[in-house]
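Undergrad: Residue numbers (this note's numbering): -5 to 112. Quick reminder that beta carbons are idealized off the backbone N, C-alpha and C, glycines included. For reference, the structure I am asking about is given below.
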């Protein structure tokens, strides 16, 4: 919401700015992924949690994993890392003190993720 208010006040454009009158929401996994030099696949360049490594797991399986994850797919109206306070807190707690980012599958995102606090 804060980002959208800034867009109204200033001539800024973000990846969440509606394009041509169409707002698709967060495009993590659905329209964007990042692959690091070590093969880790993250759903967005700003999220330091891997969905898997393309050197170990087929990309199709990694993308399906992302779509099944309750944080990411199949649709999010907001920016997960920029606008969801619960996820931002979890991301900060898990990455604090990490010596290597992104966190590997299972250490950040996992098959056990839920949208309710633990």
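Would you identify the three-state DSSP class for residue 57, choosing helix, strand or coil?
TA: helix
Undergrad: Where does the unbroken beta strand (DSSP E) through residue 34 begin, and where does it stop?
TA: 34 to 36
Undergrad: Taking the alpha carbon of residue 30 as the reference point, which residue from 24, 41, 21 has its own alpha carbon closest?
TA: 41
Undergrad: With a threshold of 6 Å on Cβ separation, who are the neighbours of residue 105 within its own chain once the five nearest residues in sequence on each side are excluded?
TA: none
Undergrad: Could you give the distance in angstroms between the alpha-carbon of residue 49 and the alpha-carbon of residue 59?
TA: 16 Å
Undergrad: Under the three-state reduction of DSSP, which class applies to residue 14: helix, strand or coil?
TA: Its pLDDT being 49, under 50, residue 14 is placed unreliably in this model, and the value from its coordinates should be taken loosely. The answer is coil: DSSP assigns residue 14 none of H, G, I, E or B.
Undergrad: Should residue 53 be labelled buried (16 or more other beta-carbon atoms within 10 Å of its own) or exposed?
TA: exposed
Undergrad: Taking 7 Å as the cut-off, is the CB of residue 90 close to at least one heavy atom of the ligand ZN?
TA: In the structure shown, the ligand ZN is absent, as is every other ligand, since no ligand is present at all.
Undergrad: Give the DSSP-derived three-state secondary structure of residue 133 in the structure shown.
TA: In this structure the chain extends from -5 to 112, so residue 133 is not present and cannot be described.
Undergrad: Look at the Cβ atom of residue 55, then the Cβ atom of residue 44, and state whether they are nearer than 8 Å.
TA: No.
Undergrad: Looking only at its chain, what residues have a beta carbon closer than 8 Å to the beta carbon of residue 96, apart from the 5 residues adjacent to it on each side?
TA: 30, 34, 36, 41, 42, 43, 44, 102
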